[in-house]
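Chains A and B, in that order, give the protein sequences.
Heads up: the first sequence begins at 27 in my numbering, then just goes up one per residue.
Heads up: the second sequence begins at 27 in my numbering, then just goes up one per residue.
Here a beta-carbon is modelled for each residue, glycine too, at the ideal position from N, C-alpha and C.
There are 2 protein chains.
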Amino acid sequence: MQHSAPSFREFSDRFRSLETTLSRELFREHRDQMRVKKEETAAENLRRIIDATLRLANRKGFQSMSLRDLSAETGLSAGGLYAYIRSKDDLVRLIQRHGVALTLRSLEDAIAAADGPRDKLRAAIRAHLFLTETMQPWFYFSYMEAKNLPRRETREAIRSEVAVEELFTGIIRAGQARGVFRNGDPQLLAGMIKALLQDWYLKRWKHRQRNVSVECYADAVQNMVEHAVLVPPYDEAPAAAHNATCEEG
Amino acid sequence: MQHSAPSFREFSDRFRSLETTLSRELFREHRDQMRVKKEETAAENLRRIIDATLRLANRKGFQSMSLRDLSAETGLSAGGLYAYIRSKDDLVRLIQRHGVALTLRSLEDAIAAADGPRDKLRAAIRAHLFLTETMQPWFYFSYMEAKNLPRRETREAIRSEVAVEELFTGIIRAGQARGVFRNGDPQLLAGMIKALLQDWYLKRWKHRQRNVSVECYADAVQNMVEHAVLVPPYDEAPAAAHNATCEEG
DNA sequence: GTCTATAGCATGATAGAC
DNA sequence: GTCTATCATGCTATAGAC
C-alpha cells in the first residue's frame with residue numbers, strides 16, 4: 027500500500043493540472059469585474075499580477091507594497107492595473123480565494139487515496155508538505171498577512187486553518203480507537219504536527235540553505251510523529267526510498 | 027536534579043526583576059535621544075508607548091498602524107510622541123533591542139542551571155516556552171514584522187533566531203556523543219523542536235481557547251521530543267507534577 | 001512637558017489621450 | 001487595451017502656543 031506515499035514528483039504533476047483548471051475558473055468568476063475582456067491576455071496578466079504581488083508582499087509586507095511597486099514589478103502601468111483589479115483589497119481577496127480553493131481540493135484528493143490510520147497520517151503529512159512546497163509564496167503570504175486582511179478574509183483564513191487541523195485530529199482519533207496509536211490528547215497532537223508542517227514554508231530560506239529536500243523533511247516529520255504516536259514496538263521507518271542522500275550531521 | 031525544571035511561577039519571578047533592570051538600562055541608553063528628561067514620567071511613558079505599539083501592531087500590522095492610532099492608544103498627543111521617539115523606525119529599533127536583550131539573558135541563565143543532556147534539553151524547552159509566554163506580544167511582533175524592519179534590525183533578528191536554534195543543536199550533539207540520544211541530524215531535530223516551541227506564541231489564541239496551559243504544553247513538547255530522541259527504553263514522562271489537569275480529549 | 005496646527009510628501013485611485 | 005497626467009486623501013514629522 028505505497029499508494030499513500032506518492033513522491034513529490036507525482037504530486038506535482040497532478041497539482042499542475044488542477045491549477046490550470048482553477049486558474050480558468052478564477053478568471054471566469056472575476057471577468058465581470060475586469061475592464062479587460064480578451065481571455066488570453068487577461069488570464070496571463072492576472073497571473074503576473076498575482077505572482078508579483080506575492081513576491082513583493084513576501085519581501086516587504088503587503089501594506090508597505092505600493093501600487094507603484096506593483097506596476098514596476100509587473101511591467102504594467104499604475105493605471106493599467108486597475109483594468110484587472112478594483113482595489114488593493116480586491117486583489118488580496120482574489121489571491122486568498124484562489125489559494126484556499128487550490129489547497130482544499132488538492133489536500134482532499136491526496137488524503138482520500140489512503141486507508142488505515144497510519145497510512146492516512148503519512149499521506150496527510152506528505153500531501154501537506156508537498157502542497158506548501160509547491161505553493162510556498164501563497165502560504166507564506168496567507169500566514170503573514172492574515173490578520174491585516176479585510177475582516178471576511180481573515181475569518182476565512184482561520185476557518186481553513188482549523189479545517190486542516192481537524193483533519194489530522196480525525197485521523198489520530200481513528201487510530202486511537204483502533205489501538206494503533208497511543209493515547210493522548212488528539213487535538214494537542216494534531217496542533218503539534220501542524221506546527222512541524224508549517225515550519226516548512228515559514229522558514230524556507232533556512233531549509234534551502236541547508237539543502238534539505240521536501241522528501242527529507244517529510245521523512246523526518248513522519249519519523250518524529252510516528253515515534254510519538256505509535257504504540258511502543260516501533261519498526262524504524264521504511265520510508266525514504268526516494269533519496270538516500272538526506273544530509274547527515 | 028529538578029533544578030532544571032522550574033515551574034512557570036518560579037521563572038516568572040526571576041524574570042520580573044531582570045526586566046526592571048533592563049528597562050532602566052534601556053531608558054538610560056536612549057535618554058539623550060529624548061526631549062523628556064524627568065526619569066519617572068519618561069520611563070513610564072516609554073513603557074506605555076512600547077506596550078501600545080505591540081498591541082496595535084499585533085492587531086493590524088506595524089505598517090498599517092498610524093501614529094494617530096498610537097497617540098489614541100497611549101493617550102499622548104501625536105506631537106507629544108516625538109518627545110520620546112525620533113521616528114517610527116526608531117521606535118521599532120527600540121522595541122527590538124529591548125526584546126533581544128531580555129531574551130538572551132533570560133535564556134542563558136535558565137539553561138546554564140541544568141546539567142546532563144536530558145536535563146539541559148528539558149530546561150531549554152521549558153525556559154523557551156516560559157519566556158515566550160511572558161513576552162508573547164514581543165515575540166509575535168518580532169516574528170511577524172521581522173522582514174519589514176530596517177535592514178540592520180532584520181539581520182539582528184535572524185542572528186538571534188539562529189543563535190537560539192544552535193543552542194538546541196549543541197545540546198543534541200552532546201547527548202548523541204554520550205550515547206543518551208539516538209542518532210539523526212541534530213540540526214534538523216533542533217529545527218523541529220524550535221517549530222514546536224514557536225507554535226506556542228504564534229497561535230496563542232488557539233491554545234488559550236482550548237485552555238491549554240504553558241505547563242501542559244511544555245510537558246507535551248518534552249514528551250514528543252523525548253520519544254523521538256531518547257534511546258529506546260523510554261521511561262514515560264515523570265514530569266507534570268504541577269498540574270494533573272491537562273485537558274484530556 | 002504636552003498640545004494644536006500645519007507643512008511636505010507618498011499613496012491609492014481616476015480621467016482622458018492614444 | 002494601455003499609458004500619462006493628475007486628484008484627493010492620509011500619512012509622518014515639525015514648529016510654536018500654552
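Listing by chain order, which chain A residues have their CB less than 9 Å from the CB of S90(B)? In the second sequence, residue 90(B) corresponds to position 64, counting from 1. Those within 9 Å of S90(B) in chain A are Q89, N174.
Taking a contact to mean a Cβ-Cβ separation below 8 Å, would you say Y227(A) touches F165(A) in this structure? Counted from its first residue, the first sequence places residue 227(A) at position 201. Counted from its first residue, the first sequence places residue 165(A) at position 139. Yes, they are a contact pair.
Spatial neighbours of A26(B) within its chain, please: C-beta separation below 8 Å, excluding the five flanking residues on both sides. Residue 26(B) is absent from the structure shown; chain B starts at 27 and stops at 275.
Using Cβ-Cβ distances below 8 Å, what residues of the stretch 71-82 of chain A are close to chain B? none
Please state whether DSSP places F41(A) in a helix, a strand or coil. As a position in the first sequence, residue 41(A) is number 15, starting the count at 1. Taken through DSSP and simplified to helix, strand or coil, F41(A) comes out as helix.
Beta carbons nearer than 9 Å to chain A: which residues of the stretch 131-148 of chain B have them? none
Taking 8 Å as the threshold (beta carbon to beta carbon), is M60(A) in contact with chain B? Within the first sequence, numbered from 1, the residue matching residue 60(A) stands at position 34. For M60(A), the answer is no, since every Cβ of chain B falls outside 8 Å of its Cβ.
According to DSSP, what are the bridge partners of F207(B)? Position 181 of the second sequence holds residue 207(B). Its beta-bridge partners are L256(B).
Using the beta-carbon count (16 or more within 10 Å), is E55(B) buried or exposed? In the second sequence, residue 55(B) corresponds to position 29, counting from 1. Exposed is the call here.
For F207(A) and chain B, any beta-carbon pair shorter than 8 Å? Walking along the first sequence from the start, residue 207(A) turns up at place 181. Answer no: the Cβ-Cβ gap between F207(A) and chain B never drops below 8 Å.
Just mark S168(A) as buried or exposed, buried being the case when its beta carbon has 16 or more other beta carbons within 10 Å. Locating residue 168(A) in the first sequence gives position 142, counting from the first residue. S168(A) comes out buried.
Contact check, P212(B) vs N84(B), beta carbons under 8 Å: Here residue 212(B) is taken as the residue at index 186 of the second sequence, counted from 1. Here residue 84(B) is taken as the residue at index 58 of the second sequence, counted from 1. It is not a contact, given that the beta carbons lie outside the stated cut-off.
Among F53(A), V62(A), A78(A), V255(A), which has the Cα closest to the Cα of F194(A)? Numbered from 1 along the first sequence, position 168 holds the residue referred to as residue 194(A). Of F53(A), V62(A), A78(A), V255(A), the residue nearest in Cα terms is V255(A).
Listed by chain order, chain A residues near L214(B) by CB distance under 7 Å: As a first step, residue 214(B) must be located in the second sequence, where it is residue number 188. Chain A residues near L214(B): V238, A246.
Compare the Cα-Cα distances from E45(A) to each of L96(A), N237(A), A69(A) and report the closest residue. Working through the first sequence from its first residue, we reach residue 45(A) at position 19. The shortest Cα separation from E45(A) among L96(A), N237(A), A69(A) belongs to A69(A).
Beta-carbon proximity of Q122(A) to L175(A), cut-off 8 Å: For the purposes of this step, residue 122(A) is identified with residue 96 of the first sequence, where counting begins at 1. For the purposes of this step, residue 175(A) is identified with residue 149 of the first sequence, where counting begins at 1. Pairing Q122(A) with L175(A) gives a Cβ-Cβ distance under 8 Å.
Rounded to a whole number of angstroms, what is the C-alpha to C-alpha distance between R112(B) and E179(B)? Walking along the second sequence from the start, residue 112(B) turns up at place 86. Walking along the second sequence from the start, residue 179(B) turns up at place 153. R112(B) and E179(B) have their C-alpha atoms roughly 16 Å apart.
Under 8 Å, Cβ to Cβ, is there at least one residue of chain A near M218(B)? As a first step, residue 218(B) must be located in the second sequence, where it is residue number 192. Chain A contact via Cβ: present.
Is it a yes or a no for the stretch 238-254 of chain B touching the stretch 215-223 of chain B, going by three-plus beta-carbon pairs under 8 Å? yes
V118(B) - containing alpha helix (DSSP H), residue span: Locating residue 118(B) in the second sequence gives position 92, where the first residue counts as 1. Residues 114-138.
Which residues, in order along the stretch 104-132 of chain B, keep a beta-carbon less than 8 Å from a beta-carbon of chain A? none
Could you give the residue range of the alpha helix (DSSP H) that holds K229(A)? Mapped onto the first sequence, residue 229(A) falls at position 203. First-last for K229(A): undefined, no H or E at that position.
Mind checking if H253(B) is an interface residue toward chain A, Cβ cutoff 8 Å exclusive? Locating residue 253(B) in the second sequence gives position 227, counting from the first residue. Yes, because at least one Cβ of chain A sits closer than 8 Å to the Cβ of H253(B).
So which residues on chain B does L222(A) lean against when the C-beta distance must stay under 8 Å? By 1-based counting over the first sequence, the position of residue 222(A) is 196. Within chain B, the residues near L222(A) are M218, A221, L222.
Contacts that K232(A) makes with chain B (C-beta to C-beta distance below 8 Å): Looking up residue 232(A) in the first sequence gives position 206. Within chain B, the residues near K232(A) are G217.
Just mark Q202(B) as buried or exposed, buried being the case when its beta carbon has 16 or more other beta carbons within 10 Å. Working through the second sequence from its first residue, we reach residue 202(B) at position 176. The residue is buried, with at least 16 neighbouring Cβ atoms inside 10 Å.
Which class does C272(A) belong to by DSSP, given the choice of helix, strand or coil? Position 246 of the first sequence, counted from the first residue, corresponds to residue 272(A). The DSSP-derived three-state label of C272(A) is coil.
Could you check which residue in D245(A), S103(A), D77(A) has the C-alpha nearest to that of V118(A)? To locate residue 118(A), count along the first sequence from 1; it is residue 92. Nearest of D245(A), S103(A), D77(A) to V118(A), Cα basis: D77(A).
Exposed or buried, E241(A), counting other C-beta atoms within 10 Å across all chains shown (16 or more means buried)? If you number the first sequence from 1, residue 241(A) lands on position 215. By the 10 Å Cβ count, E241(A) comes out buried.
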